[in-house]
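Quick note, the sequence shown lines up with residues -20 to -1, 1 to 235 if you use mature numbering (1 follows the signal peptide of the UniProt record, and there is no 0).
The C-beta atom is built at its ideal place from N, Cα and C for all residues, glycine as well.
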Amino acid sequence: MSSMSRLWMAFRGVCGLLLASTGLGVGLSAAAPAPTPETPPLRVCLNEQPHLPWRFPDADGRVRKDGLDFFVLDALSQRAAVPITVHLKPWKRCLAELKVGEQDFILGISHLPEREEFAVYPERQGRPDESLALRHERYHWYAMRALPIQWDGKQLSSVATEALVGVQTGYSIANAVRELGLKIDEGARTAESNLEKLVRGRVAVAALQSKEADRVLLARRDLSSHVQRLEPPCRNAPTTRRFRAPSGTPTPPGC
């Protein structure tokens, strides 16, 4: 069976399954065939950084195989009768390997036009179908309490155009920041590292996934005493699953 055939088979078999997973209810077909020995595994890349409740860290802080992402992938494998090999890597490397065909599938990725050059995911009438999103990730601005920075939903005040904005490496929020005419610093892979850079004055403001940043601030008083979250959210990003596809491959239909 070809790699592309495996992709479409998995896609058709698990659309409803992945949608149901967001409510923690997963229905598996008792009649689903078992993977055969000759079925090559579907290569899936996940961000190696913890992101509760999707990827829990072990005692040493590293992600192993605990969290909803792994639950969904195990259910996907059973439903589609396709073995899955999970690779935990830096997010930017996941994207790079998907682009060159070293990965087949990414779970939890938001839409950007430039990503359409090397990958496909569900659409309706030629547009991304947000109803098929696995989850919605909110991003907020984080700024120092001592500074008069404000966000009105469209513009940041009291931030110079030459100032640096901290974002996590490879995250889609970088594009939204650039559209505001601001410069980004994406040298840090975690929300915690970006908040540390903010407190040290290495960035003027940070644009981070709210759940991750808020979890860090809750645990670290040394950061939360200096940092505030600005309202409203700066972006609400639906995240889905994306398949590698060669040039000319038709976009899979919505399901």
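Next item on the list: To the nearest angstrom, report how far apart A76 and S205 are at their CA atoms.
Entry: 37 Å
Next item on the list: State yes or no: is the C-beta of A184 within less than 8 Å of the C-beta of V147?
Entry: Pairing A184 with V147 gives a Cβ-Cβ distance that is not under 8 Å.
Margin query: Quick check: what's the CA-CA separation for I164 versus A154?
Written below: 7 Å
Next item on the list: Assign D202 to one of three DSSP states: helix, strand, or coil.
Entry: helix
Notebook entry, point to check: Less than 8 Å separating the beta-carbons of Q130 and L210?
Noted result: yes
Next item on the list: Give every residue of the same chain whose Cβ lies closer than 8 Å to the Cβ of S137, excluding the five residues on either side of it in the sequence, and list them in chain order.
Entry: P128, I129, Q130 and W131
Check: Going by Cα to Cα distance, which pick from T19, S90 and H31 is closest to V196?
Finding: Comparing Cα-Cα distances from V196 to each of T19, S90 and H31, the minimum goes to H31.
Check: Going by C-alpha distance, which of L22, M124 and Q208 is nearest D84?
Finding: Looking at the Cα atoms, L22 is the closest of the given residues.
Checklist line | Cα-Cα separation, A193 to G41 | finding: Here the alpha carbon of A193 sits roughly 16 Å from the alpha carbon of G41.
Checklist line | Whole-angstrom distance between K79 and E161, CA atom to CA atom | finding: In the sequence under discussion, the amino acid at residue 161 is Gly, which differs from the Glu named in the question. Annotation: G161 to K79 spans about 28 Å, alpha carbon to alpha carbon.
Margin query: Quick check for students: name the residue ranges of the beta strand (DSSP E) that lie wholly in the segment 146 to 181, counting only runs of 3 or more.
Written below: 163 to 168
Check: Under a three-way DSSP split, which group does L197 fall into?
Finding: helix
Margin query: Considering Cα atoms alone, identify which of S152, R169 and V157 is closest to I89.
Written below: S152
Next item on the list: Starting from the C-beta of A156, find all residues in its chain whose C-beta is less than 6 Å away, skip the five residues before and the five after it, and write them out in chain order.
Entry: A distance below 6 Å between beta-carbons, with the five flanking residues on each side excluded, links A156 to the following residues of its chain, in chain order: R215.
Note to self: Determine whether the beta carbon atoms of L53 and I64 lie at a separation below 8 Å.
What the structure shows: yes
Item checked: Other residues of its chain near K69: CB distance less than 7 Å, five sequence neighbours each side excluded -> C25 and E28
Margin query: Restricting to Cα atoms, I'd like to know which of Y122, E18 and R59 is closest to P212.
Written below: Y122
Check: Sorted by chain position, which residues of the same chain lie with C-beta nearer than 6 Å to G133's C-beta, five sequence neighbours on each side aside?
Finding: P212
Margin query: I'd like to confirm the pairing. Which residues does DSSP put opposite W121 in its beta bridges?
Written below: A187 and L210
Notebook entry, point to check: Hey, does L136 have any beta-carbon neighbour from chain B nearer than 8 Å?
Noted result: The structure shown contains no chain B; it is built from a single protein chain.
Next item on the list: Indicate the three-state DSSP secondary structure (helix, strand or coil) for Q135 in the structure shown.
Entry: coil
Next item on the list: Give me the Cα-Cα distance between R158 and V207, rounded to the nearest whole angstrom.
Entry: 22 Å
Notebook entry, point to check: Which class does L32 belong to by DSSP, given the choice of helix, strand or coil?
Noted result: coil
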